[in-house]
Amino acid sequence: MAEKLKVELVTPYKKVLSEEVDEITATGALGEFGVLPGHAPFLTSLKIGELAYRKDGVSHHMALNWGYFEVENDTVTVLVETAEKADEIDLERAKAALGRAETELKGLTPEDKNFRIYEAALERALIRVQVAGKAARR
Amino acid sequence: MANLKSIKKRIVSVKNTRQITKAMKMVSAAKLRRAQENVVAARPYAGKLAEVLERLAKTQESDASPLMVKRDTRRALLVVVTSDRGLCGGFNANLSKAAERFINERKGDFSELSLMTIGRKGYEFLRNRHTVRKHHGNIFSTLSYHTAALIAAELVEGYLAEEYDEVYVIYNAFKSVMTQDITLEQLLPVTAKTTDTDEVGTEYIYEPSKAALLDELLPKHIEVQVFKSLLESVASEHGARMTAMDSASKNATEMIGKLTLIYNRARQAAITTELMEIISGSESIKG
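Top line first, the protein sequences correspond to chains A and B. Following the numbering used here, the numbering of the first sequence begins with -5 at its first residue and continues without gaps. Following the numbering used here, the numbering of the second sequence begins with 11 at its first residue and continues without gaps.
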């Protein structure tokens, strides 16, 4: 494939990524999707999830928090609150957070105000562990 | 002369002060650099978000989201961003006064006007003159996006609960180290810039839907705006403090020079009188 996608990933703290990639997949509001060069203009919000892209045959993985994803003219703009590359994730910490969120959730009912907060924490921790695992395998 | 000692003492104390102001200047310079980097780093995010929002809003009805609806009742909330610490020149005083001016000038437009203060200095200035609905202090030492998000959520919540109908924010925008621009912005309701309404633009695929996206983006937009104002304010604060401390150091140096001159003169005069006394004493013995 000759054409490439230009990806820009920004958080409020810094520009995380600015690269030319072959393919990118992410978790959107309606589920996981993939984008190849030549995609139609597209705008979606992202859920807590994984972002993966392939560049020169090598896959890279990242854990994302809330954000949104835009494609236009083979340019992908991803705006997220936090983004962590697979090798930046502290697996121990993520696992600890996972355990903490699980125990907190057990003691709460879905009506509780904190339920959503811990549920989101659980999701984030899960994704982190998952993404970190992929980095280790690579 | 009796005041030789007291002049010496003053010179020493001014020297000590100069040392402190110099140190504060250095600290501010270092902090300023970091704050400036943060401002620059946050810009692409804010810019892109505004871009997308504009595109979404352009093709939507203006009452698509409750955050965009203009209400007939006009109860306003003014968010005043100052710093927690002083010793930064006119930074806080200027902003507090600008806020006061806004209140006095626009009083007639609003049926009610309350304040939210961020930063201790503005709070202390305004709390006795106007109704301060809420105060956030001590957030600058641990400023993160999360802090801004919490404040934004509070603003949106109050707005949706119809506690107020318009939200403005006033803060010091960072222009350069020497200058801060007092900036007033309207946060809520969100007014979409309609620059070129005729242009249809590219047809997008929206997921899940345009309205849902707008609903999600607008609160984020408020968060980013709050975050941006806080960052700019922090950078301005350090800039202002740096300049203030720099001129304080210069003044101290000048003062030391003047005092040294006075000290030397007094010393010379004392020596002269002593000599005169000795000479006249020995003269009288001879005679």
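Note that the Cβ used here is the ideal one computed from N, Cα and C, for glycine as well.
If the five residues before and after V89(B) are omitted, its C-beta is found closer than 6 Å to the C-beta atoms of M126 and V179, all from its own chain and listed in chain order.
Buried is the label assigned to E78(A), since at least 16 other Cβ atoms lie within 10 Å of its Cβ.
Following the DSSP letters along the chain, one finds F112(B) in no beta strand (DSSP E) but inside the alpha helix (DSSP H) bounded by residues F101 to R116. A direct Cα-to-Cα measurement between I18(A) and A163(B) gives close to 32 Å. Listed in chain order, the positions of the stretch 105 to 117 of chain A with a beta carbon within less than 8 Å of a beta carbon of chain B would be empty, since no residue qualifies.
Proximity of F237(B) to chain A, defined by a Cβ-Cβ separation below 8 Å, is satisfied. T201(B) sits in coil when the DSSP states are folded into three classes, being neither helix nor strand. The residue among D119(B), K131(B), M36(B) and N104(B) with its C-alpha nearest the C-alpha of H146(B) is K131(B). Neighbours of P31(A) in chain B, taken as residues at a C-beta separation under 9 Å, are lacking, since the least C-beta distance is about 16 Å. For N182(B), the enclosing beta strand (DSSP E) has its first and last residue at E176 to F184. Listed along chain B are E217, each with a C-beta nearer than 8 Å to that of G22(A).
Among the residues facing chain A, P229(B) is not included, as its CB has no counterpart in that chain under 8 Å away. Straight-line measurement puts the Cα of A250(B) at about 51 Å from the Cα of E284(B).
Contact between V91(B) and G129(B) is confirmed by a C-beta separation of about 6 Å, below the 8 Å threshold. Pairing E98(A) with Y112(A), the inter-Cα distance amounts to about 7 Å.
Within chain A, no residue has its CB atom less than 9 Å from the CB of A162(B), the nearest being about 12 Å off.
Under the Cβ criterion of 8 Å, T97(A) is not counted among the residues facing chain B.
Chain order gives the chain A residues near K58(B) as V4, T71 and L73, where near means a beta carbon separation below 7 Å. Runs of the beta strand (DSSP E) lying entirely within the stretch 230 to 271 of chain B and spanning at least 3 residues: none are present.
N182(B) is a Cβ neighbour of S246(B), given a cutoff of 8 Å. Rounded to whole angstroms, E14(A) and K49(A) show a C-alpha spacing of 7 Å. In this structure, the CA atom of G96(B) is about 18 Å from the CA atom of A109(B). The DSSP assignment places complete beta strand (DSSP E) segments of no fewer than 3 residues inside the stretch 63 to 102 of chain A at 69 to 74 and 77 to 79, in order along the chain. Interface criterion met: the Cβ of V234(B) is under 8 Å from a Cβ in chain A.
Rounded to the nearest angstrom, the Cβ distance from M34(B) to M255(B) is 5 Å, consistent with a contact under 8 Å. At least 8 Å separates the CB of V166(B) from every CB of chain A.
If you look at V89(B), you'll find it isn't in any alpha helix (DSSP H); it sits in the beta strand (DSSP E) that goes R85 to V91. At a cut-off of 8 Å between beta-carbon atoms, L37(A) makes contact with chain B. Burial of I42(A) is indicated by the presence of at least 16 other C-beta atoms within 10 angstroms of its C-beta.
Contiguous alpha helix (DSSP H) elements confined to the stretch 138 to 181 of chain B occur at 155 to 170, taking only those with 4 or more residues.
For K9(A), the closest Cβ of chain B is nearer than 8 Å.
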